[in-house]
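Numbering (this note's numbering), first residue to last: 214 to 349.
Positions of the beta carbon are idealized from the N, C-alpha and C atoms, including for glycine.
Remember, predicted model here, so these are calculated numbers, not experimental data.
What follows is one structure encoded as structure tokens, with my remarks underneath.
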Amino acid sequence: MADKPLPTITDENRPFWEATRHGELRLQRCRQCDRYRYPIAASCPRCLSLDAEWAAVSGRGRVFSYVVFHQVYHQAFKDDVPYNVVLVRLDEGPFMFSNVVGVGNEQLRCDMPVTVVFERVTDEVTLPRFRPEDNR
Ligand SMILES: [Zn+2]
């Protein structure tokens with residue numbers, strides 16, 4: 214079976230992947246306007262400042278939208294269909310594509326509260342995924 218594609222770790226994104234390896238979600242936060250941003254970028258999409266720090270976020274958010282893939286688009290995922298791809302809006306504002314685990318696809322709902330979980334895939338890569346979070 215084909216290996217699943219993994220993110221390429223670069224100097225720019227290394228702090229993100231080092232944090233997930235340690236069970237932490239860290240995003241860039243602009244030092245000029247305090248806004249968190251994701252995807253990873255050299256400059257702030259709001260104020261264009263290049264000055265940013267890597268700051269831990271709560272890992273909590275809500276399902277903004279989702280799809281369930283039934284079609285095999287990549288051989289490495291042929292045993293996984295049907296699987297979900299979810300757009301999570303983090304409490305800190307940024308959106309992140311991921312998967313929701315620990316729940317049937319038919320139970321997914323927009324606005325469902327979720328919290329991050331970490332799945333170690335290789336020595337270098339630990340992927341952030343999300344699980345439903347009750348009582349929010
Ligand atoms: Zn900014």
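Let me know the secondary structure DSSP gives P228 once reduced to three states. helix
Using a threshold of 8 Å, state whether the C-beta atoms of F277 and V298 are closer than that. no
Should G272 be labelled buried (16 or more other beta-carbon atoms within 10 Å of its own) or exposed? buried
What do you get for A265, buried or exposed, if any count of 16 or more other CB atoms within 10 angstroms of its CB means buried? buried
Determine whether the beta carbon atoms of L238 and P341 lie at a separation below 8 Å. yes
M325 lies in the beta strand (DSSP E); which residues open and close that run? From DSSP, M325 is part of no beta strand (DSSP E); its letter is neither H nor E.
State whether the stretch 334-348 contacts the stretch 303-314, with contact taken as three or more CB pairs (one from each stretch) at a distance under 8 Å. yes
As a quick exercise: from Y296, Y249, D336 and T223, pick the residue whose alpha carbon is nearest that of H235. D336
From which residue to which residue does the beta strand (DSSP E) around G274 run? R273 to F282
Residue(s) in a DSSP beta bridge with R234: R234 is not bridged to any residue.
Which residue comes first and which comes last in the beta strand (DSSP E) that contains T339? T339 to P345
Within 10 angstroms of its Cβ, does Y286 collect 16 or more other Cβ (buried), or is it exposed? exposed
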